[in-house]
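Trainee: This is the structure, below, for whatever I ask next.
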Amino acid sequence: MKILTNQFLSFAMVFCSICVLAGCGAKTDGPKLVTVSGKITLNGEPLPGGDIIFRPADGQGHAYAGKITDGTYTLDTEAGKKRVEIKSMREVPGKTTEDNPGEVVNVREQIVPTKYNSESTLEITVTEEGSGSTDFPLEGEPPKPKK
Numbered sequence: 071m072k073i074l075t076n077q078f079l080s081f082a083m084v085f086c087s088i089c090v091l092a093g094c095g096a097k098t099d100g101p102k103l104v105t106v107s108g109k110i111t112l113n114g115e116p117l118p119g120g121d122i123i124f125r126p127a128d129g130q131g132h133a134y135a136g137k138i139t140d141g142t143y144t145l146d147t148e149a150g151k152k153r154v155e156i157k158s159m160r161e162v163p164g165k166t167t168e169d170n171p172g173e174v175v176n177v178r179e180q181i182v183p184t185k186y187n188s189e190s191t192l193e194i195t196v197t198e199e200g201s202g203s204t205d206f207p208l209e210g211e212p213p214k215p216k217k
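To convert, count from 1 in the sequence shown and add 70; that's our numbering.
If you want it as structure tokens, here you go:
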């Protein structure tokens with residue numbers, strides 16, 4: 071009986087050691103990221119808030135996003151050619167909707183023209199050294215609300 075207990079303890083110690091060592095493998099680093107920042111204006115005025123997204127222009131790989139605050143943004147992304155999407159929403163005064171029964175929320179609408187977000191043609195090439203300051207001066211009217 072004592073031999074069985076010692077064998078079990080030995081096995082348990084070896085098993086635990088293997089499990090601990092398995093978690094100590096070499097760290098796999100992800101892709102090298104570079105920082106891109108700049109200013110975003112809409113019709114000459116700083117975009118108050120929103121999101122900026124860099125998607126691989128070829129559709130392969132990861133998208134990276136950053137927040138827009140008071141017309142400025144900063145985000146980390148991989149080097150390469152990117153398709154840029156810029157989105158910003160505002161509440162429509164006096165308009166509400168009931169998304170979930172009993173839950174009334176203010177209606178929000180996109181203020182950035184679709185040519186800069188869902189149908190964006192904006193592109194940027196991010197180099198491994200970084201792209202420095204990249205500004206996006208946007209022009210145009212917000213998309214028409216969907217009925």
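Every residue gets a Cβ at the ideal spot worked out from N, C-alpha and C, and that includes glycine.
(1) Under three-state DSSP, which class holds T197?
(2) Could you compute how far the alpha carbon of I156 sits from the alpha carbon of G131?
(3) Can you tell me which residues form a DSSP beta bridge with N176?
(4) Keeping to the same chain, check which residues put their C-beta closer than 8 Å to that of L107; ignore five residues upstream and five downstream.
(5) Taking the beta carbon of G114 as the centre, do at least 16 other beta carbons fall within 10 Å, making it buried, or is it exposed?
(6) For my contact list, V162 and V175 are in at a C-beta cut-off of 8 Å; report their separation, rounded to the angstrom.
(7) So, helix, strand or coil for K102, using DSSP?
(8) Assuming K151 is part of the beta strand (DSSP E), what are its boundary residues?
(9) For the beta strand (DSSP E) that contains P126, what are its first and last residues?
(10) Cα-Cα, which of K151, G120, A127, F124 is closest to T139?
(11) Does the beta carbon of V177 sit closer than 9 Å to a beta carbon anywhere in chain C?
(12) For I138, which beta-bridge partners are listed by DSSP?
Mentor: By the coordinates alone:
(1) coil
(2) Approximately 19 Å, taken between the alpha carbons.
(3) T166
(4) A quick correction: the sequence has Ser, not Leu, at residue 107. Cβ within range, chain order: T142, Y143, T144, L145, S203, T204.
(5) exposed
(6) So it is not a contact: roughly 11 Å between Cβ atoms.
(7) Assigned with DSSP and collapsed to three states, K102 falls in coil, not helix or strand.
(8) 150–157
(9) 119–126
(10) G120
(11) Checking the listed chains, one finds no chain C in this structure; it contains a single protein chain.
(12) G120, Y143
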